[in-house]
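Under our numbering, read the sequence shown as residues 22 to 264, first letter to last.
Backbone N, C-alpha and C fix where the C-beta goes; we use that ideal spot for every residue, glycine too.
The structure displayed is predicted, hence computed values, not measured ones.
Notes to accompany the following structure.
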Amino acid sequence: MRTFLEQWVRRRNPTFLIHPAVPTGWLLGFAARTAGALLRGAALGLRGRHPHGAMLGHGVQFAYLSGIRFGAWLKAGDQVRFSGLSTGGLVMGSSVSIGAFSQVIVSTSLQEPGAFIRIGNRVGIGEFAYLGGGGGLQIDDDCIIGQYFSCHPENHRHADVGVPIRLQGVVRRGIHIGPGCWIGSKVTVLDGVRIGAGCVVAAGAVVTRSVPARSVVAGVPARVISTREAPSVAAPRETALAS
């Protein structure tokens, strides 16, 4: 059982290993839940879509499915909602994981459909996330993202005090999160932000402006508090002794 499960999960996660302390009963429960998720994913075939090994929790919804594309081994927790209503579609790469009760919704308006959401390969997003795509949202490969993450790639105009804000329209500049980022729980990213490759965003941060690659950012509004540097090469032993 243990070997079979490891080999199966490695189709999605090549480095997967089951810890020796995990009892057999837990493995049986894991296998049953995974089988159920695969069966729910297979039901996408009834809507004319190849499931590509999708593993879906209970109550997962796909609206405007013709505007949604996804790669192999999509994993979505319970009650996740996807909507492809947009001008550019909702696209997810391979081995994408979306936590339970999250919403991945490009837009909700037939009058002004949003631009797109594009999520790269091997991206993991925690529970209760909200991803909007009004002005375009791109999350590149290998990002890991905590719970309650939210992205809002549009802002309401509000300059005219004589007109209700809801009637003044929106500004859409888009959000781009580079590859290899670690974003903590309860982070909010606002319109127009570009987060460079390899950044770390501390839990609870509100990112209102762009940050360069390998930055560590924190706070409300978020600011750069340090930079991730490549480890220095140790000096040769002879040089160290001579000094």
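If you reduce the DSSP assignment to three classes, tell me which class residue i lands in.
i	result
Q82	strand
L111	strand
V222	strand
T209	strand
Q124	strand
I186	helix
L158	strand
L48	helix
A239	strand
V192	strand
V30	helix
N97	The amino acid occupying residue 97 in the given sequence is Ala; Asn does not appear at that position. Strand at A97.
F170	coil
F25	helix
R230	coil
T129	coil
Take the Cβ of residue i as the centre, count every other Cβ of all protein chains shown within 10 Å, and call the residue buried at 16 or more, exposed below.
i	result
G69	exposed
E250	exposed
P185	exposed
E175	buried
T36	exposed
S107	buried
A256	Bear in mind that a pLDDT of 49 at A256, under 50, signals an unreliable position, so the model cannot answer this.
R230	exposed
V222	buried
D161	buried
R23	exposed
S130	exposed
S247	exposed
A97	buried
T45	exposed
Q28	exposed
L38	exposed
A180	exposed
R187	exposed
Measuring CB to CB, does residue i end up less than 8 angstroms from residue j?
i	j	result
G195	L158	yes
A224	G145	no
F83	F51	no
G217	R235	yes
L77	G62	yes
L59	L26	no
R139	V101	no
G141	P200	yes
L95	V125	no
A150	S115	no
G110	I89	yes
V210	C220	no
V241	A226	yes
F170	G154	no
For the putative contact between residue i and residue j, defined by C-beta atoms under 8 angstroms, what is the C-beta separation to the nearest angstrom?
i	j	result
G105	V127	6 angstroms
V237	V228	Not confirmed; about 12 angstroms, so no contact.
A136	R178	Not quite, the Cβ-Cβ distance comes to about 18 angstroms (not below 8 angstroms), so this is no contact.
I198	C164	6 angstroms
D99	G80	6 angstroms
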